[in-house]
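Comments concern the structure below.
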Amino acid sequence: MKLTVLLILIACLHLQASVYSQQINLSLKEASLESVIKEIRKQTGYAFFYDAEYLQRAAPISVNVKKASIEKTLSDVFKGQKFTWEILDKTILIKPILRDTESVSSKAIRQTFAIQGKVTKSNGEPLAGVNVRVKGTTTGTVSDAMGNYLIKVANEEAILVFSFLGFVVQEVKVAENKIIDVSLQQDVTALNQVVVVGYDAIERKDLTGSVSSIQADEIAQSQSLTFQEALQGKMAGVQISSSSGEPGTAMNISIRGSNTIYGGTSPLYVIDDVPYDVNADEVASAKIDDNYGGYVAGNPLAGLNPQDIESINVLKDASATAIYGSRGANGVIIITTKSGKAGRMNIEYNGTSGFSEPIKKLSVLDPTDYIDYRQVVTPNSSLFYIDTNGDGLFNELDAPRDPYAIPFHNWQDEILRTGFSHTHNLSFSGGREGTTYSGSAGYANQQTILMNNEYNRYNVRLRVDHSHKRFKIGINLKMGYTVTEGATNLGIIQNLSFARPLEYYNEGIDLIDRYISPISMIDASYRETSLLRDDISTYASYKLNNNFTLKNTLGGFLSASKGKEFYSSETTQGRAYNGVGILQDKKTYSWFNTTQLNYTKRFNKDHVLQGMAAFELTRYNYEDFHLRNTNFLDESTGVDDISKGSVMNNIGSNRDISNRISYFGRLNYTLLNRHLFTTTFRTDGSDKFGGGNRFGYFPSFAYAWRLSEERFVEKWNIFSDLKMRLSYGETGNERIPSFRYLATLENTYYNGELGLAPASMANRDLKWETTVQYNAGLDIGFAANRILLNVDFYNKQTKDMLLPAYVPTRTGFVQQWQNFGQVDNKGIEFALTTVNVDKQDFKWTTNFNISTNKNQVRRIGDVGFITVNIPGELVRDQGRVMEGGAIGDFYGYIFDGVYQINDFTWQDNSDPNIPHLDRTYTLREGVVNQTGVNVQPGSFKFKDLNTDGVIDLDNDRRIIGRSFPKHFGGLNNTINYKNFDLNVFFDWSYGNQLFNLSKYRLEGGVYSTWQNILQDFWFNRWTPDNPTHSYGDIASYNAPAQFSSSYYVEDASWLRLRNVSLGYRFNSASFVNAIGISNLRLFFTGTNLITWTKYSGYDPEVSSNNPLLPGVDRISYPRTKSFLFGLNATF
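Sequence positions in the sequence shown follow the working numbering and run 1 to 1131.
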């Protein structure tokens, strides 16, 4: 694969290098001048400028040259003709030879003169392929790859017309100008913009479904490492959040809510025709276990460079997604990478360099307060400190009140550093008549904010397209490689906060119970995770006639990931095992083949019929191998020599193969250019189900009425565009392990011997999970479409969910996969685009979107509810999926303050001098008690919901919060003033909550009395002198605090200044041309600059990686704010 990419790249570079330099071979007799010019253009790539009317006067040409230069060839061709020629850069100008004896009309011709200039976008980027013509004549030309053009006009009264698809047509009077530079404004309506939908492309004005789009310019603005980050907040109905601030981690994307419980919630990605079901498990983790909260899933698409993307289209309603059948239930994201355009080679460089730092650090105790805390909690402990004078106080704790007298650490300041980064991307594109190419190579390096950690990304891409008459072929190759290496973050981020700030400990004390410093954990652990992903797609199409086109697409991908981690015996994770080494190797590969027949027919001007029928085969293969070894006799080589461990365990491998066969089609009918009908049908056959249910059937229907084309609407003179859309469709889901309709076995042990035992019971009736969706939409344009509004209402119902159900033990099995339950999603999406100002040197546009979604579990079968527990936490059972609730709900007790001293009696109520901690308390009669818990003053108190006087698990717990927001959205403003461009982007999430486990970890010393705690808790905790109801006592963080309760649920709404970008583009006539650069832009970008939130943790935008309960914060990797400086240069 790598050799193929290299050879094709070299071939393309050689092709372009020869376009303007290769020798010409011509042998023609009595040929027209126009046909000769066409042959020269084909062999050389030179552009010709001429008046077609003049060429008709040329005499027939006979020419015979071999390996001739362009100059020699032109001399022979025009010998004896009434024309002469001139080479201007890469354009050949043909003009008549004028003589003094010519007629008056010839004198008028002699008055003609040439106009040249450059056509750019509003941001100053060159625009190739722009049609430039003289109004009222047939004279015209097109701009080259650099936007340059040259055209002949008759006089100063001539008017030049500049037009290009997707841009507003502009007319300029020549007057006395010899150089005319033009900046074309994008047509904000984008109604003529071509939108890529399933297996086809269609103009936006003809869409009947709900599709959101983003173009290359918008993607590049954020300078994000991944395209998912660039999409955050930009599209209505598309909620995107990262699971961690660490580079390369998984991005959680939800399109119109969560549809399923176990069937996977990520959308289908289609990248240059290659479909890809994202599975974060494809990235090796090599995690030791879940008990330390540091594991986050990897991002399988992190190797795709956002700078390579031309457009992203998100299909949301069933009318758009049903063509993908069983893979479209969660929405479809179609990514198209950049392609070449005919013309000379265009080389572009994009580079950035900058730094990042944590958005926030947690406020924990400094050494002085920590000493006070330790003296209260462990007045007689001698684990770390020595009482040298027998006064009952540790000298190190009592004597030196100056914190600087004791060596201390602010671990967050020492471990969380300023991270530096740089990215480089070099791309090229061009071609000649019939053949175009585009390619790039990129590198990104980011030092993470965690000491000794680094993230690298390498990527290359090549695309070649060729057309000849009715035949088209193309190939698209992409390769991305990412690697994260350095110290593992597993547990270190948590340890940063609650590691004690002092160095002292007793000589000779066994350190096994001492929490080792974060620095020693970093020095004594290592992690490396790599991911190599190769994608290839090829196509060939043949136009059978004016109506039918046959196309075949063959493609696939290979994903290979390796993970390795090592924890020495000096780390918390490794000390219990005398060192731990883990290896993991994962491979995923898939291929597909699609054959489709397209049909297009226009019946007079009132009827347009388009159809497509296709057949597709898909194969998916996943392999995993993992190994863990412990008890290392020699830790010096770590995991590089894992054989030095003597207790090898947790060895395993598995393989999952699935096949799919599909038949599908689409039919579009347009009546009178205003009534649009679309229907699709797909049937998928999967080997994940038994014979009777192997095939699923997924239809869709849509209708759109373009009211703005109706005469009665035109008379209102209000709308420049008005379209109503209605759709219905069904999609499916099969994202479960293969062959679950069959009985399965699992390993078991009996008397120490390995054996097999029944695991999952067979179910021959297992069938497809189905999502039915209804959508109603309205597209409105005002003021010549300077104001565009899109509104969508949707209702989704997922039925026959694929769930594992526990079965009676008498069956001999543990569980059985079944179809039961229903989940509904209802919501509204609103998107607004406005052009606020549009003048010659100043333009201001605004994009705004807001979305709401209500999720409800309607039925969940006989199981009643599903308990969701984030492993590795003392606070248990944080969530529950239950009928009437929503996916992502928190479940537990309702916090009702804390018990006060007057809630109890003790052995001598009349003696106030008895210290609080020395009393034996008895709860007064009538005060609510908690079953099985010895509560004390300062202990958590929960509401007695059924008023029986007892707090118990069965009757007093309820839904206490939600992970998903009530609404979310984004606001983007772009301003262009002369050569400056400014982009300011905000996004937000409102109404979502987080289960903040950092409160439990960092309050009250729940893990050990040596740990550090939060300042806010220490200074505001409950004491007899501060009988607050907001915090418990230090000693109260026992059993009551370990129950899931609303005490840990916080409002995690946020508003973030996500991105600010300021750039300056140098004029082409300035010094940049002197150094061979046709376009140069310098810019600054700031990311995550300000966050407004009430949340007390590191950052409100976190995820547990569990789709059933994403809103759990286990002291996640801190998010960063970054500052980048960069440049774009075109050669």
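Even for Gly, the Cβ is constructed at its ideal location relative to N, Cα and C.
All values derive from a computational prediction rather than experimental measurement.
- [ ] Hey, could you find the ends of the beta strand (DSSP E) TRP988 is sitting in?
- [x] Annotation for TRP988: the continuous beta strand (DSSP E) segment containing it runs 980-990.
Task: Beta-carbon gap between THR595 and LEU550 smaller than 9 Å - done: It is a contact, given that the beta carbons lie within the stated cut-off.
Task: Extent of the continuous beta strand (DSSP E) run through LYS338 - done: Segment: none, LYS338 is in no beta strand (DSSP E) and carries neither H nor E.
- [ ] Starting from PHE420, follow the beta strand (DSSP E) in both directions and report where the run begins and ends.
- [x] Segment 419-432, the beta strand (DSSP E) holding PHE420.
Task: Runs of alpha helix (DSSP H) lying entirely within the region 294-321, each at least 4 residues, in chain order - done: For the region 294-321, whole alpha helix (DSSP H) runs of length 4 or above, ordered along the chain, are 318-321.
Task: Sheet register partners of TRP844 (DSSP bridge) - done: Paired residues: VAL837, ILE975.
Task: Per-residue burial, GLN412 [other beta carbons within 10 Å of its own, 16 or more giving buried] - done: By the neighbour-count rule (16 or more Cβ atoms within 10 Å), GLN412 is buried.
- [ ] Pick helix, strand or coil for TRP1022, following the three-state DSSP scheme.
- [x] DSSP places TRP1022 in coil when its eight states are reduced to three.
- [ ] Would you be able to state if there are at least three C-beta pairs under 8 Å between the region 1082-1098 and the region 1057-1065?
- [x] At 8 Å Cβ cutoff, the stretches touch.
Open item on the list: Need the endpoints of the alpha helix (DSSP H) that THR572 sits in, please.
Closed with: Boundaries of the alpha helix (DSSP H) around THR572: 572-575.
Task: Residues that DSSP places opposite ALA831 in a beta bridge - done: Under DSSP, the beta-bridge partners assigned to ALA831 are ASN790, ASN849.
- [ ] In angstroms with no decimal places, state the Cα-to-Cα distance between LEU502 and VAL1102.
- [x] Straight-line spacing of the CA atoms in LEU502 and VAL1102 works out to 30 Å.
TODO: For the beta strand (DSSP E) containing LEU532, list its first residue and its last residue.
DONE: Segment 525-543, the beta strand (DSSP E) holding LEU532.
TODO: Count the other C-beta atoms from every protein chain shown that fall within 10 angstroms of the C-beta of ILE179, then say buried if there are 16 or more, exposed otherwise.
DONE: Within 10 angstroms of the beta-carbon of ILE179 lie fewer than 16 other beta-carbons, which makes it exposed.
Task: Own chain residues within Cβ distance below 7 Å of VAL104, not counting five before or after - done: Only weak support is given to the placement of VAL104: the predicted model assigns it a pLDDT of 39, under 50, and the question is left unresolved by the model.
Open item on the list: I'd like to know if the region 802-822 and the region 940-953 are in contact, where contact means that at least 3 CB-CB pairs between them fall below 8 Å.
Closed with: No, the region 802-822 does not touch the region 940-953.
Task: Top-ranked residue by Cα proximity to TYR655, from THR618, ASP281, MET235, SER339 - done: First, the residue type needs correcting, since residue 655 is Arg and not Tyr in the sequence shown. Of the listed residues, the one whose Cα sits closest to ARG655 is ASP281.
TODO: Quick one: grab the DSSP three-state call for ALA31.
DONE: Reduced to three states, the DSSP call for ALA31 is strand.
Task: Proximity to GLY783 [Cα-Cα], best of ALA342, LEU722, SER243, LEU315 - done: With the sequence shown as reference, residue 783 is identified as Ala, and Gly is not the correct amino acid for it. That would be LEU722, whose Cα lies nearest to the Cα of ALA783.
Open item on the list: Can you tell me which residues form a DSSP beta bridge with ASP200?
Closed with: Its beta-bridge partners are VAL197.
Open item on the list: Cutting at 7 Å between CB atoms, please list the residues of its own chain near THR141, excluding the five before and the five after it.
Closed with: Same-chain partners within the cutoff: PHE49, VAL132, TYR149, LEU150, ILE151.
Task: Residue from LEU532, PHE1066, ALA487 with nearest C-alpha to PRO518 - done: Measuring from the Cα of PRO518, the nearest candidate turns out to be ALA487.
Open item on the list: Please report the straight-line C-alpha distance between SER258 and PHE739, rounded to a whole angstrom.
Closed with: SER258 and PHE739 have their C-alpha atoms spaced approximately 25 Å apart.
- [ ] Report the partner residues of PRO882 according to the DSSP bridge assignment.
- [x] Here the sequence assigns Met to residue 882, which means Pro is not the residue at that position. DSSP, once it has assigned bridges, lists PHE865 as partnering MET882.
Open item on the list: Once DSSP output is grouped into helix, strand and coil, what is the label at ILE261?
Closed with: Per DSSP, reduced to three states, the secondary structure at ILE261 is coil, with no helix or strand assignment.
TODO: Consider the C-beta atom of PHE83 and the heavy atoms of the ligand GTP; say whether any pair is separated by less than 8 Å.
DONE: This structure lacks the ligand GTP; in fact it carries no ligand of any kind.
Open item on the list: Threshold first: 3 residues or longer. Then list the beta strand (DSSP E) segments lying entirely within the region 64-93, N to C.
Closed with: Residue ranges of uninterrupted beta strand (DSSP E) with 3 or more members, entirely inside the region 64-93 and ordered along the chain, are 83-88.
TODO: Would you check if the region 518-529 and the region 568-586 touch, i.e. whether three or more CB-CB distances between them fall below 8 Å?
DONE: Cβ pair count under 8 Å is three or more, so yes.
Open item on the list: Whole angstroms are fine: how far does the CA of PHE830 sit from the CA of GLY777?
Closed with: Going from the Cα of GLY777 to the Cα of PHE830 covers about 10 Å.
Open item on the list: Could you give the first and the last residue of the continuous beta strand (DSSP E) run that contains ARG725?
Closed with: Residues 719-733.
- [ ] Output the distance between the C-alpha atoms of PHE677 and SER438, rounded to the nearest integer angstrom.
- [x] PHE677 and SER438: Cα-Cα distance of roughly 36 Å.
TODO: Flag this pair as touching only if the region 314-326 and the region 667-686 have three or more C-beta atom pairs under 8 Å; answer yes or no.
DONE: Verdict: yes, contact present.
Open item on the list: Counting only beta-carbon separations shorter than 9 Å, does HIS1029 have a partner in chain C?
Closed with: Protein chains in the displayed structure number just one, and chain C is not present.
Task: SER497, enclosing beta strand (DSSP E) - first and last residue - done: Run containing SER497: none in the beta strand (DSSP E); it sits in the alpha helix (DSSP H), 492-498.
Open item on the list: Among the candidates ASN546, THR600, SER363, ASN659, whose CA atom is the shortest distance from the CA of ASP200?
Closed with: When only C-alpha atoms are compared, the closest one is THR600.
- [ ] Compute the Euclidean distance between the alpha carbons of LEU617 and ARG327, then round it to the nearest angstrom.
- [x] Each residue's Cα considered, the two are about 14 Å apart.
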